[in-house]
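Shown next, in structure tokens, is the structure this report addresses.
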Amino acid sequence: MSLTLNLTEQEQQQQQRSALPPNWEVRTSKSRGMDYYFNRVTGESVWEPPSAEKEVEMRASHILAKHIKSRNPMSWKKVPVERTPEEAEAKVRDLRQQIIGKPEGDETEEELEARIPAKEKLARFGKLAAEESDCSSARHNGDLGFFGRGKMQKAFEQAVLSLKVGQISGPVKSDSGYHIIFRTK
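First residue of the sequence shown: -14, per our numbering; consecutive thereafter.
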């Protein structure tokens, strides 16, 4: 004999609420009509359910190339973005190559990047971020500061988590545009 348990949507939401860490509650976004999670003490809000486990903190810098299909195709420089998605991806590929150089012979990009000291890569990255990024973090050489899971767009977060500290990603596509990411912590 098998027992099938069918939870109503309301019961499922109640189950989620009871599994939340202290001070967290489920709220509904007025603009999106979706549930999100709000911490009553810190004022923090996230789309993904918070975990009682130790929060993974990471830090990264990035360079963003927005394009005409970006969720907000306006640069912090107050200039409308006119590049195509393909042009945005090509731009971040080119910027990455300006930072690490071009492999010669049998050398891979990973081998070339590994030979460059992290401080030198970060300095090159920061200079280009300040000049080229369409994100307002350009004012801080692309530095986004510390953040935990659920704080960034999913594709961006997954890319940061896949990097080792001191490593630069290839192009990462998100709703904001194309990024290259330098993981710093």
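The beta-carbon is built from N, C-alpha and C at its ideal position, and this holds for glycine as well. Since the model is a prediction, treat every value here as computed from it, not as a measurement.
* **DSSP bridge partner residues for M59 (one or two, in chain order)** => P65
* Output the distance between the C-alpha atoms of E142 and P156, rounded to the nearest integer angstrom. => 13 angstroms
* Could you tell me if G162 is buried or exposed, where buried requires 16 or more neighbouring beta carbons within 10 angstroms of its beta carbon? => buried
* Asked: Using DSSP with H/G/I as helix, E/B as strand and the rest coil, what is D79?
  -> Here D79 sits in helix by DSSP.
* Between the CA atoms of H164 and K158 - distance to the nearest angstrom -> Put simply, the backbone Cα of K158 is about 7 angstroms away from that of H164.
* Quick one: any contact between the stretch 36 to 55 and the stretch 64 to 79, if contact means 3 or more CB pairs under 8 angstroms? -> yes
* Could you tell me whether the Cβ atoms of I153 and R68 are closer together than 9 angstroms? => no
* **Beta-carbon contacts of E33 that lie in its chain and below 7 angstroms, excluding the five residues immediately before and after** => R134 and G135
* Hey, how far is the Cα of D20 from the Cα of S30? -> 11 angstroms
* Where in the stretch 66 to 150 do unbroken runs of the beta strand (DSSP E), each at least 3 residues long, occur, reported from the N-terminal end onward? -> 128 to 133
* Asked: Beta-carbon separation of R44 and R168 under 9 angstroms?
  -> yes
* **Helix, strand or coil at T169 according to DSSP, with G and I counted as helix** => T169: coil per DSSP, three-state reduction.
* For S60, the nearest candidate out of E98, E92, P102 and S121 (CA to CA) -> Per the Cα distances, S121.
* Would you mind stating whether Q83 and R109 have Cβ atoms separated by less than 9 angstroms? => yes
* Consult DSSP for R17 and reduce its assignment to one of helix, strand or coil. => coil
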